Structures are given as C-alpha cells and as structure tokens.
Amino acid sequence: MDQPPRAAAQPPGDVPGQPAGRTPGQPPDRQSLSPSSRQAEAVSPRRGRKISIPGTLLSLALLGSVGFIAYVVLQIEDNQIPLMASGFVALGVTLALIALWCLNGIWRAASRARGGRAFALAIIGGLAGLGAIGSFAVAAVSVMVSAS
Numbered sequence: 023m024d025q026p027p028r029a030a031a032q033p034p035g036d037v038p039g040q041p042a043g044r045t046p047g048q049p050p051d052r053q054s055l056s057p058s059s060r061q062a063e064a065v066s067p068r069r070g071r072k073i074s075i076p077g078t079l080l081s082l083a084l085l086g087s088v089g090f091i092a093y094v095v096l097q098i099e100d101n102q103i104p105l106m107a108s109g110f111v112a113l114g115v116t117l118a119l120i121a122l123w124c125l126n127g128i129w130r131a132a133s134r135a136r137g138g139r140a141f142a143l144a145i146i147g148g149l150a151g152l153g154a155i156g157s158f159a160v161a162a163v164s165v166m167v168s169a170s
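According to my numbering, the residues represented by the sequence shown are 23 to 170, in order.
As structure tokens, then:
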C-alpha cells in the first residue's frame, strides 16, 4: 500500500499550507498575511470586566430602594412608617438577590480555582445576606408599629 509522505519528512519550506522558508513553529510575517488578517491581528481582545444585565438591575434596585427610604425619611410626614416598611422590603429583596448572585459567583470562582475571588464574594454575599435579614426585620417591626 502506498502511503503519502509525512509532513515532518519534508523540508521546512515544503510543508503544505505554509509559505516557503518558514518552519511550522514560526509566527507568520506581516507581508504574508492578508489585509483582513492584519486588521484582526491589530485589534486586541477586550480586556477588563463586562457590565452584566443582572448587575446593572441589582445596582439600580439597590440605589432605588435606598433613595426611596431616604425620600420617605426626609420628605414624607403622613404615612411615613408604612412607606418605610415597603422601602425596607424592597431593600431586603434586593440584598437577598445580591447574596444569591454572590453565591453563584462563589461556585464559579471555586470551580475555576480562584480562591481569592471566592473569598471576596463570600464576604460580600454574607454582608448582603445580613443586610437582607436586617431589612426584613425593620420592615416587620415597622408594620407592627403602624398597626398598633
């Protein structure tokens, strides 16, 4: 049976698909690249953090609920306690969602062996969980006070 010759047995310039005079391990020189390849090479991949939709929504909800509580405390005189209770419920829900989002991030960071990131997310998520519990407690006490 006739077998085709191996690429390793050929001289470096005779490897199929490569220009003459270039070994397989060498990067291509700029003249041998097409213009579209040069443009793709010139554009570096985007570095840094991406802005995620859940992160944006949670930050807006957090700012909105804190802003609502501040508005009620500073401006409203009638029905202040029930409005504060609803603001603290919204704040508690937002903080609970942040804690769950951090839990998901901890799982992903730990599976990728990023211990420092997992530890930081655990601290942030734990504080968010404590804040959620406190917000729900303030809301419950506010409802009880307004009902009496």
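Yeah, the Cβ is synthetic: ideal placement off N, Cα and C, and Gly gets one too.
If you're wondering where the values come from, they're calculated on a predicted model, not measured in any experiment.
- prompt: For Val111, which residues of its own chain have a beta-carbon under 8 Å away from its beta-carbon, when the five flanking residues on both sides are left out?
  reply: As a working mapping, residue 111 is identified with position 89 in the sequence shown. Only Ser157, Phe158, Ala161 meet the Cβ criterion.
message: Report the CB separation of Phe90 from Gly114 in whole angstroms; it is logged as a contact under 8 Å.
response: Along the sequence shown, read from residue 1 onward, the residue named residue 90 stands at position 68. Along the sequence shown, read from residue 1 onward, the residue named residue 114 stands at position 92. The Cβ separation is near 13 Å, so there is no contact.
message: Quick check on DSSP: helix, strand or coil for Ser81?
response: Your numbering for residue 81 matches position 59 in the sequence shown. Three-state result, Ser81: helix.
message: Looking only at its chain, what residues have a beta carbon closer than 8 Å to the beta carbon of Ala118, apart from the 5 residues adjacent to it on each side?
response: As a first step, residue 118 is located in the sequence shown; it is residue number 96 there, counting from the start. Closer than 8 Å at Cβ, skipping near neighbours: Ala150, Gly151, Ala154.
Spatial neighbours of Leu105 in its chain, beta-carbon cut-off 7 Å, leaving aside the 5 residues before and after: By 1-based counting over the sequence shown, the position of residue 105 is 83. Closer than 7 Å at Cβ, skipping near neighbours: Val94, Ile98.
- request: Starting from the C-beta of Ala144, find all residues in its chain whose C-beta is less than 8 Å away, skip the five residues before and the five after it, and write them out in chain order.
  value: Locating residue 144 in the sequence shown gives position 122, counting from the first residue. Same-chain partners within the cutoff: Cys124, Ile128.
message: Beta-carbon within less than 6 Å of Thr116's beta-carbon, same chain only, minus the 5 sequence neighbours each way: which residues are those?
response: On the sequence shown, position 94 is the one that residue 116 refers to. These residues qualify, in order along the chain: Ala83, Leu84, Ser87.
query: In or out: Gly147 buried (at least 16 other Cβ within 10 Å) or exposed?
result: Taking the sequence shown and counting its residues from 1, the one referred to as residue 147 is at position 125. Gly147 should be labelled buried.
query: Under the rule that 16 or more other beta-carbon atoms within 10 Å means buried, what is Ser133, buried or exposed?
result: Locating residue 133 in the sequence shown gives position 111, counting from the first residue. Exposed, since its Cβ has fewer than 16 Cβ neighbours within 10 Å.
First and last residue of the uninterrupted alpha helix (DSSP H) at Ser164: One-based indexing of the sequence shown puts residue 164 at position 142. That run of the alpha helix (DSSP H) goes 137 to 169.
query: Does the separation of the CB atoms of Ala107 and Ser164 fall below 8 Å?
result: Within the sequence shown, numbered from 1, the residue matching residue 107 stands at position 85. Within the sequence shown, numbered from 1, the residue matching residue 164 stands at position 142. Going by C-beta atoms, Ala107 is nearer than 8 Å to Ser164.
message: With distance defined between alpha-carbon atoms, name the residue in Ala140, Gly137, Gln102, Ala142 nearest to Ala169.
response: Residue mapping note: residue 169 aligns to position 147 of the sequence shown, counting from 1. Measuring from the Cα of Ala169, the nearest candidate turns out to be Gln102.
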